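Worksheet: the structure to be examined is printed underneath.
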């Protein structure tokens, strides 16, 4: 069979298997995930052997040591993978939940019930643990899943899928519900993106270029996560200690992630008092500051910010800082330069907190808390399958529920339409 | 300006206007819709004049009398349009609703708040009333809307948009929030479908060929509604009077719509008793029957059903009828031939009712009620913007809520991430 034909077969079989997946009782899904976790632990030596093939090939190809590290599996990482599966087993099953039910004047009872999406495709880069994580979430939500990892991790990914698949077979669950595309060629991705007849949703996990490539070529709906240019607005009524604590946490705790702070907006009435203090603290923490003229008046260590700085997702210890006239000015800046990811206000003013919550339509909007909470785990969704920065089909951090949709259910006793 | 440049400008302006739309208080939106309704009534003569241009052009082009009738506006239809606007004004505003809120262990309050989608594009065919209906729903949900109606209705659509736009201007609401693409050329549609930077969702309303064309060419997410091959399964425990009433209603009341019945499945244990009765009733109502061998044994007037009949959306007084072994057989038939639109069971058996509700994953699943209830109004959503038969971003009949998404809102008191 050609690659094209094989991928079509994988997708068609996944669609068929999705019918059985949708009907699986919660206990069967949980038992499966627990058994998969155990199997990963038991097969640790084989997994490390397969992973070594990827590492050796990666070294030959001259991958950076950072890339090789991301690729590497050892006992600790395999145990973490297994723990991840157990964690998903412990999450509530979204399938079958009736989110609402109401009565019509003709006594029909109408409700909305969560059902699986069907078949989900995940396209990701080097970390092999995504294979287990993403598979667990998709299966728990009653879906089939087709995984296409980076070519560098192909042996590791196939080995993980083999181990998980064996447990599915043992449990009498169709193995076609979990596939890894076995071709490292890009042709495989392209063909996968054409299976709109069989695949309901594509979730790319990786850098902006991967996501743009997928969006460009997909005939299937794609969850998009382009970038996180996150803002904090320090209002004139902010508690300075709180503001400093939140700004430092958002910028410094883990600068390389999408929910870290990139632009700090400061109300002009507190520019003179707050800027010297926060600038000093950040400079001590090795944060490079880029400010507008007003910021630089009170923080001479800041270099001049340019138009590009307001758009930048630095992902490192650099911070753009701007003084704004008021809340409106702050919101206008966020509307103009934000990426719809995450924004926070630090304020003591009731009205401004409510206006910020209402009027900033980014996917996560916080009052008096760090932007770093924009994360499925932190918000209480359990494990996270990704973050969407576009409004369809989900917006913001996505958990198990976002791998489902709802159908209408209607209980009648013979009603007909007049 | 070229068509391309003008459409890009319309879309960019709509995106800008969406910021103001999202902030509009409910009362401002409701007052606007009431004023628009009044304006349509007051401008009835001008509207009829403009509509006459379309009708004359249509006659010259040789449109069918059915097409010309759909195109025609008179006092009654304009009043109905105005009533539609008032009805939308009376619906609850979905924007700002907090659908859930929970507390995290660190005392963060996390919630999900409904926000508008942003900019919605509607692509539709000849009926000019869609211009007012769709605009009202999109605006009420806080969105900007770009309308592209059929070229045959261009004068009517532009006149309606002019009247509605005048009321927006009076109310100080940016007119760019409501546009009609003023070009009858197909190039206009194609260019609109490329504005993924500015348009969040495309809703096509019309026949399958229009929807396929839009899906094929859109870079923007599209609500798809291909067809409705709706089933009713008459279980062995069904009350025959109820089953007959429901089947007749679903097939005969309005056969030309997507939620009408196309295939009737009958449990083998009641084939001998129920088929002669229902066949006679349907034949008396001029329904042509196409059945499998078993059906024809008890209903000799039925012609033999072929494979195509199980896939057919007749939209007329024809019904495919099949005898099935049991509930599983019925569900398998629906999975194999259904269109994920609407299916119903008629049963007196508790277990079968629950299994049918759980295991049939069409967008509307009913017990002991007519398939004709699969409609936004009938299910209690208020006015309907369309029906989605794919699972993203909505599934089934769509109301105001489906023109929104949710963002995460977080209330803290200084929390930072550990």
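Protein chains in written order, with the UniProt record's numbering: chain A, 1 to 418; chain B, 1 to 418. Glycine included, every Cβ here is placed at the ideal spot set by N, Cα and C. In this text the structure is predicted, and so the values were computed from the model without any measurement.
With 16 other Cβ atoms within 10 Å as the buried cut-off, status of residue 94 of chain B: buried
Span of the beta strand (DSSP E), counted from its first residue to its last, around residue 109 of chain A: 109-116
Cβ contact (3+ pairs, closer than 8 Å) linking the segment 326-338 of chain A and the segment 359-367 of chain A: yes
Residue-chain proximity (residue 192 of chain B, chain A), Cβ-Cβ < 8 Å: no
Short Cβ contact (8 Å threshold) for residue 244 of chain B with residue 32 of chain B: no
Interface residues of the segment 382-393 of chain A facing chain B [CB-CB below 8 Å]: 390, 391, 392, 393
Interface flag, residue 22 of chain B vs chain A, CB-CB below 8 Å: yes
Residue 75 of chain A burial status per 10 Å Cβ neighbour count (16 or more: buried): exposed
Proximity test, Cβ basis, 8 Å: residue 369 of chain B and chain A: yes
Endpoints, beta strand (DSSP E) assigned at residue 199 of chain B: Run containing residue 199 of chain B: none; DSSP gives neither H nor E here.
Supposed close pair residue 134 of chain B, residue 122 of chain B - CB separation, criterion 8 Å: 5 Å
Residue from A/392, A/266, A/155, A/37 whose Cα sits closest to the Cα of residue 55 of chain A: A/155
Closer than 7 Å: residue 212 of chain A CB and nearest the ligand MG heavy atom: Questions concerning the ligand MG fall outside what the structure shown contains, since it holds no ligand whatsoever.
Cβ contact (3+ pairs, closer than 8 Å) linking the segment 280-296 of chain A and the segment 344-358 of chain A: no
Residue 42 of chain A versus A/24, A/81, A/16, A/13, residue with shortest Cα-Cα distance: A/81
Reference residue 141 of chain A; option with closest CA among A/414, A/401, A/416, A/413: A/401
Residue-level contact to chain B via CB, residue 249 of chain A, 8 Å cutoff: yes
Close Cβ partners of residue 220 of chain A (< 6 Å) along its chain, the five nearest in sequence each way excluded: 196, 199, 202
Burial state of residue 378 of chain A (16 or more Cβ within 10 Å): buried
Nearest-angstrom beta carbon gap, residue 264 of chain B and residue 247 of chain B [assumed within contact, 8 Å]: 6 Å
CB of residue 160 of chain A within 8 Å of CB of residue 128 of chain A, strictly: yes
C-alpha gap between residue 337 of chain A and residue 234 of chain A, whole angstroms: 17 Å
is_contact[residue 311 of chain B, chain A] using C-beta, thresh 8 Å: no
Distance between residue 387 of chain B and residue 158 of chain B (C-alpha atoms, nearest Å): 26 Å
Short CB-CB distance (under 8 Å) between residue 359 of chain B and chain A: yes
Residue 193 of chain A, DSSP secondary structure in three states: coil
Any alpha helix (DSSP H) of 4 or more consecutive residues that is wholly inside the segment 343-408 of chain A: 350-359, 376-379
Contacts of residue 221 of chain B in chain A (Cβ-Cβ under 7 Å): 221, 392
Secondary structure, beta strand (DSSP E): runs of 3+ residues fully inside the segment 211-252 of chain B: 230-234
Inter-residue Cα distance where the pair is residue 115 of chain B and residue 391 of chain A: 10 Å
Segment contact, 8 Å Cβ cut-off, at least three pairs: the segment 403-416 of chain A with the segment 56-68 of chain B: no
Test: residue 204 of chain A CB closer than 8 Å to a CB of chain B: no
Residues near residue 120 of chain B in its chain [Cβ-Cβ closer than 6 Å; skip 5 each side]: 138, 143, 145, 201
Simplified DSSP state of residue 288 of chain A, which is helix, strand or coil: strand
Rounded Cβ spacing between residue 339 of chain B and residue 249 of chain B (contact assumed at less than 8 Å): Contact flag wrong, Cβ pair sits at about 20 Å.
Contact under 8 Å by Cβ, residue 410 of chain B with residue 373 of chain A: yes
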